[in-house]
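Q:
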Amino acid sequence: GEARRLVEEADARATELVAAAEQTAQQVRDSVAGLQEQAEEEIAGLRSAAEHVAERTRGEAQEEADRVRA
């Protein structure tokens, strides 16, 4: 009857909403994972640049020390 039809419609709608929510959650997870990956690449690049500068600075300091000693 009418009541049964309403229950079935409500059930179908609830199932659709759950599926949509799960899809949205998955998209958010994928997006966050992508951002995390980008951030890690950024950090690796910055660390590499900082190490390069530190090495050059140490080298220059060593040359200066050698020159002062000479």
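According to the UniProt record's numbering, the residues represented by the sequence shown are 1 to 70, in order. Ideal placement from N, C-alpha and C gives every residue a C-beta, glycine not left out. Quantities reported herein were computed from a predicted structural model and do not represent experimental measurements.
1. Please give me, in chain order, every unbroken run of the alpha helix (DSSP H) with length at least 4 that falls completely inside the UniProt region "Disordered" (49–70).
2. G34 by DSSP, collapsed to three states: which one?
3. Report the rounded CA-to-CA distance for V68 versus A61, giving the unit in angstroms.
4. For a test of the three-state rule: what should DSSP assign to G1, helix, strand or coil?
A: Checking against the coordinates, here is how it stands:
1. none
2. Position 34 of the sequence shown holds residue 34. Helix.
3. Position 68 of the sequence shown, counted from the first residue, corresponds to residue 68. Position 61 of the sequence shown, counted from the first residue, corresponds to residue 61. Taking the straight line joining both Cα atoms gives about 10 Å.
4. One-based indexing of the sequence shown puts residue 1 at position 1. Of the three classes helix, strand and coil, the one that applies to G1 here is coil, per DSSP.
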